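This note's numbering applies: residue 146 is where the sequence shown begins, and numbers increase by one.
One structure is given here, and the rest of the page talks about it.
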Amino acid sequence: MPTQGHKRGSDDPSTSNDQGREGNKRLCAIAKGTAATPTLEMDVIKVAKEGLGKVLSRLDKVSPPYANMDFIGYLRNKISALEAIIDDKVVVGVFGRSGAGKSSLMNAILGVKTLLPSGTVGACTSVIIQVEANMTDSNYVAEIDFISKEEWEKELESLLKIKEMDGEEKDKRMVNMANSKIQALYGEDAVGKSFDELKSLESETFSDIPEFLSSTRKILSFDTATKFSTEIACYIRSKRKIHRNQSKSSQIHYWPLVKYVTIKMPNSKDLLEHIVLVDLPGTGDCNKARDEMWESYITKCSSVWVVADIDRAAADSDAWNILDNSISNMGPGGQCQNITFICTKTDIINPDNYMGELDDEDLHIEDSSNYSEEQKRACILHRNQQAKMEIQENYSNPYEAIDEMQVFTVSSQEFQKDNNCILRQEETGMITCVIVQQNLQ
Numbered sequence: 146m147p148t149q150g151h152k153r154g155s156d157d158p159s160t161s162n163d164q165g166r167e168g169n170k171r172l173c174a175i176a177k178g179t180a181a182t183p184t185l186e187m188d189v190i191k192v193a194k195e196g197l198g199k200v201l202s203r204l205d206k207v208s209p210p211y212a213n214m215d216f217i218g219y220l221r222n223k224i225s226a227l228e229a230i231i232d233d234k235v236v237v238g239v240f241g242r243s244g245a246g247k248s249s250l251m252n253a254i255l256g257v258k259t260l261l262p263s264g265t266v267g268a269c270t271s272v273i274i275q276v277e278a279n280m281t282d283s284n285y286v287a288e289i290d291f292i293s294k295e296e297w298e299k300e301l302e303s304l305l306k307i308k309e310m311d312g313e314e315k316d317k318r319m320v321n322m323a324n325s326k327i328q329a330l331y332g333e334d335a336v337g338k339s340f341d342e343l344k345s346l347e348s349e350t351f352s353d354i355p356e357f358l359s360s361t362r363k364i365l366s367f368d369t370a371t372k373f374s375t376e377i378a379c380y381i382r383s384k385r386k387i388h389r390n391q392s393k394s395s396q397i398h399y400w401p402l403v404k405y406v407t408i409k410m411p412n413s414k415d416l417l418e419h420i421v422l423v424d425l426p427g428t429g430d431c432n433k434a435r436d437e438m439w440e441s442y443i444t445k446c447s448s449v450w451v452v453a454d455i456d457r458a459a460a461d462s463d464a465w466n467i468l469d470n471s472i473s474n475m476g477p478g479g480q481c482q483n484i485t486f487i488c489t490k491t492d493i494i495n496p497d498n499y500m501g502e503l504d505d506e507d508l509h510i511e512d513s514s515n516y517s518e519e520q521k522r523a524c525i526l527h528r529n530q531q532a533k534m535e536i537q538e539n540y541s542n543p544y545e546a547i548d549e550m551q552v553f554t555v556s557s558q559e560f561q562k563d564n565n566c567i568l569r570q571e572e573t574g575m576i577t578c579v580i581v582q583q584n585l586q
């Protein structure tokens, strides 16, 4: 049983690369014995690639009149098609309401606490983020793709029209979204300015992102996750309130101009070589991703994770809408193979409020010197089991092609703690890594 002061692992927070390696080792250790290891498949893929390479090498040495070059060309095309299949990656889409804990969940899975900014008061992920393995060096790399300057001008005109609507046509939520985007780029004082006035600010506003003006990709690369996370925040996170006492540079957030960000993570070949994790902007935000971009990613997902706060998971209309949309978009003829419902923040619980009519005997709590910890742990585990049953009862799957939905209850915070742990690692639910491993099969 966990005791106060119990130390969880040997992560050194001062060395992000080591932290990432150790995190992946811990996740693989948890998965061991619960799901088939991908090692065998990795070996098969390696042998297959080597075999195709040898065949191509032999074909290069063949020339007329000893061979039919049309047939040689036919073989080359077949080999190229096989290589594309081998290199094809599983796309895991992570969906959920803003604040549901998607970023924390992904950080825990990836084994780096600070990779994706999370837990910032009044901030939310506002762009599509793809996470894959960095196969070239040991840095954390972000490739930032912008919309075009013409696209932003059209969007800016639309945002200003939204703000000008009167009466019943005026949608407060849409107005808040418009103000949020304008403030992010032009500062708090920009609200109320005309199109031409905002355009006049662009030489200063866009001076730090010449890539946007030249329609090219911006690349950031850092050797630590902490520095990386700090520098990419303005491209992926929105703040609902920008303070006047901030400097001009710290007020500017470029996320309204960003299509998506591809993050390449070092030391993650075993986990991510054949997988892309896609964190999509949360529903219920004042800053939604463009619908067509969101829908384009749905059709690519081989696996869907629907993430919801455990306290509201069973009744979270956004989560269930995502689930329904995922099934309808990917069921018949789609690529989706499995759907997983993940309840987060299981460690956040008030035992006294939760127990209600339950007593210690119902929860199998033993009287001990660590009674309060025992009580909290018992409440967490009991609620986890109840949530799983309720969600499974509410789920209906109209498509036989999609496997039965799995339900996981997780605490990213407990999993990443080094000491003062309430839950054992296997009880934190971060066994969800198994889903990633299974997608390699």
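For glycine and all other residues, C-beta sits at the position ideal for the given N, C-alpha and C.
Remember, it's a predicted structure, so these values are computed and weren't measured experimentally.
Residue i, DSSP secondary structure in three states
{"i": "F560", "result": "helix"}
{"i": "A176", "result": "In this predicted model, A176 has a pLDDT of only 35, less than 50, meaning its place in the structure is not dependable; the value taken from the coordinates is given anyway. Residue state, collapsed to three classes: helix."}
{"i": "L417", "result": "helix"}
{"i": "R457", "result": "coil"}
{"i": "R621", "result": "In the structure as shown, the chain starts at 146 and stops at 586, and residue 621 therefore has no counterpart that could be examined."}
{"i": "E288", "result": "strand"}
{"i": "Y399", "result": "coil"}
{"i": "M280", "result": "coil"}
{"i": "G574", "result": "coil"}
{"i": "M410", "result": "strand"}
{"i": "I494", "result": "coil"}
{"i": "D163", "result": "Residue placement at D163 cannot be trusted, given a pLDDT of 47 that sits under 50; the coordinates are not used to answer."}
{"i": "I354", "result": "coil"}
{"i": "S293", "result": "coil"}
{"i": "L227", "result": "helix"}
{"i": "S348", "result": "helix"}
{"i": "S462", "result": "helix"}
{"i": "I327", "result": "helix"}
{"i": "I273", "result": "strand"}
Per-residue burial, residue i [other beta carbons within 10 Å of its own, 16 or more giving buried]
{"i": "G501", "result": "exposed"}
{"i": "K409", "result": "buried"}
{"i": "T361", "result": "exposed"}
{"i": "T554", "result": "buried"}
{"i": "Q537", "result": "exposed"}
{"i": "L358", "result": "exposed"}
{"i": "A460", "result": "exposed"}
Extent of the continuous beta strand (DSSP E) run through residue i
{"i": "M550", "result": "Where M550 is concerned, there is no enclosing beta strand (DSSP E), given that its DSSP letter is neither H nor E."}
{"i": "T485", "result": "N483 to T489"}
{"i": "L365", "result": "K363 to F367"}
{"i": "V236", "result": "V235 to G241"}
Bounding residues of the alpha helix (DSSP H) (the contiguous stretch that carries residue i)
{"i": "Q530", "result": "Y516 to N539"}
{"i": "I377", "result": "A370 to I381"}
{"i": "V336", "result": "Looking at the DSSP string, V336 is not in any alpha helix (DSSP H), and its letter there is neither H nor E."}
{"i": "K247", "result": "K247 to L255"}
Contact belief for residue i with residue j at Cβ below 8 Å, rounded distance in angstroms
{"i": "V421", "j": "Y380", "result": "That pair is no contact at about 19 Å."}
{"i": "S557", "j": "A370", "result": "Between A370 and S557 the Cβ distance is about 15 Å, and since that is not below 8 Å, they are no contact."}
{"i": "A245", "j": "D454", "result": "5 Å"}
{"i": "P665", "j": "S271", "result": "The question about residue 665 has no answer, for the chain in this structure spans 146 to 586."}
heavy atom of the ligand SAH below 7 Å from residue i C-beta
{"i": "L301", "result": "No copy of the ligand SAH occurs in the structure displayed, which carries no ligand at all."}
Short CB-CB distance (under 8 Å) between residue i and chain D
{"i": "E571", "result": "The chain inventory of the structure shown lacks chain D, comprising one protein chain alone."}
Is the number of C-beta pairs between the stretch 314-328 and the stretch 346-356 that are closer than 8 Å three or more? No, because fewer than three Cβ pairs between the stretch 314-328 and the stretch 346-356 fall closer than 8 Å, the two stretches do not touch.
Three or more C-beta pairs under 8 Å: does that hold for the stretch 565-577 against the stretch 483-497? Contact between the stretch 565-577 and the stretch 483-497 is present, because at least three Cβ pairs lie under 8 Å.
Answer yes if the stretch 204-217 comes into contact with the stretch 522-530, meaning at least three C-beta pairs across the two stretches below 8 Å, and no otherwise. Contact between the stretch 522-530 and the stretch 204-217 is absent, because fewer than three Cβ pairs lie under 8 Å.
Should the stretch 246-264 be regarded as contacting the stretch 299-308, the criterion being three or more beta carbon pairs within less than 8 Å? These segments do not touch.
Taking 8 Å as the threshold, find out whether the stretch 285-302 comes into contact with the stretch 366-379 through three or more Cβ pairs. Yes: at least three Cβ pairs fall under 8 Å.
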